[in-house]
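Residue numbers (the UniProt record's numbering): 1 to 303.
Every residue gets a Cβ at the ideal spot worked out from N, C-alpha and C, and that includes glycine.
Source: prediction; values computed, not measured.
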Amino acid sequence: MVERIVSLIPSATEIVAELVGPSERLVAITHECDYPEWVRDVPQIVSPANAALLTAAPSVVDQQVSSIVGSGKSLYKLDVDLLEAIAPDVIVTQRLCDVCSVSGSEVERAIGSLSTYPNVIELNPIYLIDVLDDIITVGKGIGELEKARRWRRELELRLMAVPKQTVVMPLPKVLALGWSDPLWVGGHWVPEMISRAGGVPIGAEAGMPSTRISWERVRAADPDIILMMACGYDVERNLAQSAKLEELPGWTETPAYRNGRIYAVDANGYFSRPGPRLVDGTEMLSRLFRGEPFDEEVCRPMV
Numbered sequence: 001m002v003e004r005i006v007s008l009i010p011s012a013t014e015i016v017a018e019l020v021g022p023s024e025r026l027v028a029i030t031h032e033c034d035y036p037e038w039v040r041d042v043p044q045i046v047s048p049a050n051a052a053l054l055t056a057a058p059s060v061v062d063q064q065v066s067s068i069v070g071s072g073k074s075l076y077k078l079d080v081d082l083l084e085a086i087a088p089d090v091i092v093t094q095r096l097c098d099v100c101s102v103s104g105s106e107v108e109r110a111i112g113s114l115s116t117y118p119n120v121i122e123l124n125p126i127y128l129i130d131v132l133d134d135i136i137t138v139g140k141g142i143g144e145l146e147k148a149r150r151w152r153r154e155l156e157l158r159l160m161a162v163p164k165q166t167v168v169m170p171l172p173k174v175l176a177l178g179w180s181d182p183l184w185v186g187g188h189w190v191p192e193m194i195s196r197a198g199g200v201p202i203g204a205e206a207g208m209p210s211t212r213i214s215w216e217r218v219r220a221a222d223p224d225i226i227l228m229m230a231c232g233y234d235v236e237r238n239l240a241q242s243a244k245l246e247e248l249p250g251w252t253e254t255p256a257y258r259n260g261r262i263y264a265v266d267a268n269g270y271f272s273r274p275g276p277r278l279v280d281g282t283e284m285l286s287r288l289f290r291g292e293p294f295d296e297e298v299c300r301p302m303v
């Protein structure tokens with residue numbers, strides 16, 4: 001059994017936490033790891049390189065992040081001294097997105113400087129099935145494979161049941177905004193979540209990265225439902241994007257606005273973070289698309 005686990009991504013923290021429970025086996029996490037509640041007491045080994053970006057306007061964040069990443073610099077600080085002191089058996093990291101967490105190259109440099117060499121588990125999910133498979137990967141790496149297999153099966157069964165619950169026709173056209181200024185649509189697993197829940201994603205395909213979208217293209221698509229799910233934002237921060245969206249010409253003329261079907265969601269917990277709660281997010285979308293009650297801590301009307 002692996003005793004000392006470091007998680008460098010919030011999604012992995014959720015997986016490890018479920019598999020090991022509240023214990024001393026999870027020895028370090030990032031400043032963004034916030035679920036389940038007990039992990040907030042675990043030492044943080046990653047912090048933001050520029051804390052001001054955490055509260056900056058979306059347009060400023062977009063400009064600064066593009067500049068920093070484009071110059072080859074990191075958005076995060078990894079405490080290598082603490083990593084040495086912890087002497088982990090396993091480090092869980094990723095290479096999917098340098099904006100979302102410490103880059104793979106930075107992790108490699110840090111590990112190369114250690115006096116011990118931990119096992120490195122690298123997660124790079126693109127589709128929902130990859131997220132489920134990550135549970136097996138982590139479970140195997142930390143000695144909790146059987147528990148991981150049972151949990152993965154439970155989540156897969158829930159995911160498979162979602163399309164069977166959706167009978168509304170015609171299917172609603174859904175715009176999932178991964179950023180508000182400039183406009184981006186959520187990619188990778190987000191279009192798949194929409195499709196599984198009974199919607200038709202606008203401007204994105206399952207497995208493809210998030211991409212910018214013009215307002216003209218949005219208007220031409222006539223979205224029936226608009227989801228404000230800025231990457232890393234919770235419901236409240238996504239609700240705060242309404243003023244910027246209302247500046248868009250013809251915003252009130254979209255079918256989504258006219259029918260009161262524009263929503264802010266907890267993207268941080270249920271959509272942009274590739275962890276087990278994506279299943280909860282997919283189930284919530286199914287209820288939302290069918291006009292059923294939903295948890296307002298996860299989703300709230302913007303109009």
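From residue i to residue j, what does the alpha carbon distance come to, in whole angstroms?
i: residue 43; j: residue 296; result: 31 Å
i: residue 138; j: residue 37; result: 20 Å
i: residue 65; j: residue 302; result: 27 Å
i: residue 172; j: residue 133; result: 30 Å
i: residue 81; j: residue 288; result: 47 Å
i: residue 214; j: residue 257; result: 18 Å
i: residue 277; j: residue 67; result: 31 Å
i: residue 57; j: residue 243; result: 12 Å
i: residue 294; j: residue 284; result: 7 Å
i: residue 23; j: residue 144; result: 14 Å
Once the 5 residues before and after residue i are set aside, which same chain residues still bring their CB inside 8 Å of it?
i: residue 182; result: 59, 62 and 212
i: residue 89; result: 2, 3, 4, 5, 118 and 119
i: residue 127; result: 188, 189, 192, 206 and 207
i: residue 141; result: 2, 90, 92, 119 and 121
i: residue 249; result: 215
i: residue 54; result: 48
Using a Cβ-Cβ cut-off of 7 Å (strictly less than) and excluding sequence neighbours within five positions of residue i, which residues of its own chain qualify?
i: residue 205; result: 191
i: residue 12; result: 92, 123 and 138
i: residue 49; result: 74, 75, 76 and 77
i: residue 86; result: 4, 6, 27 and 28
What residue from the options has the CA that sits closest to residue i's CA?
i: residue 268; options: 280, 234, 56 and 187; result: 234
i: residue 40; options: 49, 51, 26 and 50; result: 26
i: residue 382; options: 280, 11, 126 and 300; result: Given a span of 1 to 303 for the chain in the structure shown, any question on residue 382 remains unanswerable.
i: residue 155; options: 109, 202 and 130; result: 130
i: residue 255; options: 174, 143 and 33; result: 174
i: residue 286; options: 11, 35 and 197; result: 197
i: residue 230; options: 80, 290 and 265; result: 265
i: residue 94; options: 176, 210, 276 and 121; result: 121
i: residue 28; options: 185, 103, 236 and 7; result: 7
i: residue 217; options: 251, 294 and 199; result: 251
i: residue 219; options: 107, 275, 150 and 245; result: 245
i: residue 34; options: 144, 232, 148 and 149; result: 232
i: residue 148; options: 17, 284, 210 and 110; result: 17
Under the DSSP definition of a beta bridge, which residues are partnered with residue i?
i: residue 179; result: 184
i: residue 76; result: 48
i: residue 173; result: 200
i: residue 301; result: 263
i: residue 94; result: 123
i: residue 7; result: 92
i: residue 211; result: 185
i: residue 68; result: Answer is none; residue 68 lacks a bridge partner.
i: residue 228; result: 177 and 264
i: residue 206; result: Per DSSP, none; premise fails for residue 206.
i: residue 28; result: 6
If you check the beta carbons only, do residue i and residue j fall under 9 Å apart?
i: residue 180; j: residue 241; result: yes
i: residue 226; j: residue 270; result: no
i: residue 15; j: residue 101; result: no
i: residue 136; j: residue 152; result: yes
i: residue 45; j: residue 78; result: yes
i: residue 208; j: residue 188; result: yes
i: residue 304; j: residue 84; result: Past the boundaries of the shown model lies residue 304; the chain is included only from 1 to 303, so the question cannot be answered.
i: residue 203; j: residue 185; result: yes
i: residue 170; j: residue 274; result: no
At least one CB of chain D closer than 9 Å to the CB of residue i: is that the case?
i: residue 113; result: Among the protein chains of the structure shown there is no chain D, as only one such chain exists.
Spatial neighbours of residue i within its chain, please: CB distance less than 6 Å, with the 5 preceding and 5 following residues excluded, ordered by chain position.
i: residue 261; result: 225
i: residue 47; result: 31 and 77
i: residue 228; result: 177, 238, 241 and 264
i: residue 222; result: 255
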